[in-house]
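Heads up: the structure comes next, in structure tokens.
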Amino acid sequence: AADQYRERRDALAAEYGYTARIRDEDDALVLYPDEWMDDGTVQLDRVEDTDRAVEVSLSGPGDADRYREVAAYNEAVAEEVAEREAEVHARTAETFAAFMSNHYVRPVDDATPEMRAEFREEYLVRNGWPTDEQLAAVDESLSVIESVAADVEGPAEADTPDADAHDDGS
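In terms of full-length UniProt numbering, the sequence shown has 80 at position 80, counting the first letter as 1, and numbering is strictly consecutive.
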């Protein structure tokens with residue numbers, strides 16, 4: 001059954017021009033555009049826009065059913081950072097939004113200290129192609145992102161049974 005799943009996954013990814021890989025060290029499904037690949041390896045000189053790659057945690061927390069909603073919110077926060085703040089913060093906000101959406105399906109302002117550390121120490125340096133200026137300002141950028149996020153309307157909370165139980169119609 002697992003082999004059939006992998007074959008179907010690979011066929012679907014290929015149908016859209018992507019190559020699927022599992023990154024074992026953090027249990028993530030990564031989809032790379034086919035034109036980036038050569039003999040199964042990403043050719044960095046072919047990468048123009050890192051947002052074209054997709055990463056999804058296969059074991060991380062988050063609500064996959066809310067992905068689009070959370071990703072739209074995270075993108076809105078990144079866009080607001082780009083409008084208000086320096087370019088160095090805007091680039092980090094864009095990368096952090098993708099990280100939180102794809103790895104955790106969580107709003108950027110809901111990141112735990114551990115998630116921030118993972119972003120800062122692993123994801124940004126590996127996937128964000130950061131400038132030296134970006135790396136030097138990453139902690140400040142994360143603070144800016146959280147501050148700006150406070151002004152952006154967040155994703156709606158998921159419906160819960162308790163929310164309806166207290167509404168008696170009066």
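We treat Cβ as the ideally placed atom computed from N, Cα and C, and that holds for glycine.
The shortest CA-to-CA distance from HIS89 to any of ASP49, VAL152, SER141, VAL77 is the one to SER141. Counted as a single uninterrupted DSSP element, the stretch harbouring TYR104 is not any beta strand (DSSP E), since DSSP gives it neither H nor E. When secondary structure is reduced to three states using DSSP, GLU48 falls in the coil class, being assigned neither helix nor strand. Sorting MET115, PHE119, ALA53, ILE145 by C-alpha distance to the C-alpha of GLY17 places ALA53 at the top. Shown here, GLU55 sits in a strand according to DSSP, grouped into three states. Contact between THR92 and GLN43 is ruled out by a C-beta separation of about 25 Å, above the 8 Å threshold. The segment 72–89 and the segment 30–39 do not touch, with fewer than three beta-carbon pairs separated by less than 8 Å.
Contact between ALA97 and ASN74 holds: CB atoms are separated by about 4 Å, below the 8 Å threshold.
Here TYR5 carries a helix assignment [DSSP, helix/strand/coil]. Per DSSP, the beta-bridge partners of VAL30 are ARG21, GLU55.
Residues of the same chain with a CB within less than 8 Å of the CB of ARG126, apart from the 5 flanking positions on each side, do not exist. Under the DSSP assignment, VAL81 falls in the alpha helix (DSSP H) whose first and last residues are 67–84. Exclusion of the five residues before and after GLU146 leaves ASP109 as the residues of its chain whose Cβ lies within less than 7 Å of its Cβ. Taking the Cα of VAL148 as reference, the smallest distance to any Cα among ARG116, ASN102, ALA76 is reached at ALA76.
Here PRO107 is actually not in contact with PRO33; their C-beta atoms are around 27 Å apart, not less than 8 Å. Less than 9 Å separates the beta-carbon of THR19 from that of ALA13. PHE99 is the residue among PHE99, ALA136, ALA117 whose C-alpha sits nearest the C-alpha of VAL30.
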